[in-house]
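Worksheet: the structure to be examined is printed underneath.
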Amino acid sequence: HLHAGRTMMFSRITATLHLKAAPTRSLLIAVRNSSQSTACGSPALNASLQQEQPIALRKNENSLNEDTPYNLCFLRHGQSTWNRDNRFIGWTDTPLTDDGVLEARVAGQILAESGLLFDEVHTSLLRRSIRTTNLVLMETGQEYIPVHKSWRLNERNYGDLVGKNKKEVVMKYGVDKVKSWRRGWDDPPPPMDSSHPYWPGKDPRYKLMLDQIPPGESLKMTVERAGKYWDEAIAPSLKEGKTVLVVGHENNLRSMIKRLEGICDERIINLSLPRAVPLAYRLDENLKPLGRSDGKMDEATGFLRADWLGGDDAVKAILDRDHKQVYDTKIKHNLEKGTKSRAWRNWTEATLGANGSGLNGNVNGSK
């Protein structure tokens, strides 16, 4: 697991990223390394998170160019209550935790620092992604841009697994089966029906589409619905020259990345995505990845032609933590509680600096 003293050194965004430049800002952010296993860190930091106001960013030292035909960024939402509790979520509308609010705001800081200037955002109907979107746009100073919401960008429906503890499911069915359900291509989980306590049909936002609610989805099924939205909404915007941010969920983002990168069905099982770490793509006129700014594949997964805005090493550490949280049955304590807060504060301090008065934000509003 991620130890309290381990500094997660996200590398700086380099000038070789061919993205749009954002206005110059000044940084006022202080994040404190904490050895305490608390959700929000020190009392001083908690006190600083009482008013939801944008964090002022320091001067952007990166000279970013605009010579890339199309720019696209994927961002998974911040930690929700069921992420923290290690439960299968699916379409269940769980809110962000206090850590999730912090994750989203730090992602916004990273995006502002990178120089990305978005024209529009696409997200799901679930509040963990909507809230993440709002917090990111607050930090980038772009709350005015259009935000498009669609059920087709919802997380995959995990069927009868929804609500269950992931590690308990692993102990019952085994690592290979659960990994196939979670990461495989064409292996849907056991289906749910309308009697399930978390059946989405009970939610009024889906009342006009009851016949379209899937009882459970494989990644293949998720690709089909997310792919339709890509073709009808995202791809046309990109071809108009718009810089697009997609704030989503791990599996609907995996489905779009699979299609974008041309990842084969057998290899997609190896792709996992960390929460709240922006993944930036530079695309050619055919919407094919041009490759990373350094000309290499990313080291976190080994096969993506995109830039993790922050660095590969920390992404690898986070993904290792997430893997152990689900599959390592020898670990009895919850790796989402406490350690993530410390790791994220270390990452923030290493990436953005710590020379101001702290984060401002109403974390209680995440409830």
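The numbers in the sequence shown follow UniProt numbering, run straight up by one, and end at 367. Virtual Cβ for every residue (Gly too), placed ideally from N, Cα, C. Fair warning: this is a prediction, and the values are worked out from it, not measured in the lab.
Annotation for V101: no beta strand (DSSP E) segment contains it, though the alpha helix (DSSP H) segment containing it runs 98-114. Excluding five sequence positions before and after T94, the CB atoms of its chain that fall closer than 7 Å to its own CB belong to S80, T81, W82, R128, given in chain order. Membership of A280 in any alpha helix (DSSP H) is not indicated; the residue belongs instead to the beta strand (DSSP E) covering 279-283. By the Cβ-count criterion, C264 is exposed, with fewer than 16 other Cβ atoms from all chains shown falling within 10 Å of its own Cβ.
Cβ neighbours of I213 within its own chain (closer than 7 Å, five residues either side excluded): P200, G201, Y206. Classified as exposed, H333 has fewer than 16 neighbouring CB atoms from the shown chains inside 10 Å of its CB.
Under DSSP, F74 takes part in a beta bridge, and its partners are V246, L279. In this structure L319 is not in contact with P278, their Cβ atoms being roughly 15 Å apart against a cut-off of 8 Å. In the three-state DSSP reduction, H196 falls in the coil class, being neither helix nor strand.
Rounded to the nearest whole angstrom, the C-alpha separation of A104 and H196 is 31 Å. Judged by DSSP secondary structure, E120 falls within the beta strand (DSSP E) whose first and last residues are 120-123. Contact holds between the stretch 180-198 and the stretch 212-232, because three or more Cβ pairs, one in each stretch, are under 8 Å apart.
For K166, no beta strand (DSSP E) encloses it; the enclosing alpha helix (DSSP H) starts and ends at 166-173.
Looking at the DSSP output, D307 shares a beta bridge with A280. Boundaries for H323: no beta strand (DSSP E) harbours it, while the alpha helix (DSSP H) harbouring it runs 312-327, taken from the DSSP string. Within its own chain, the residues whose Cβ lies closer than 8 Å to the Cβ of G227, once the five positions on either side in sequence are excluded, are S255, M256, R259, listed in chain order. Nearest in C-alpha terms to D322, of all of K179, I145, D298, is K179.
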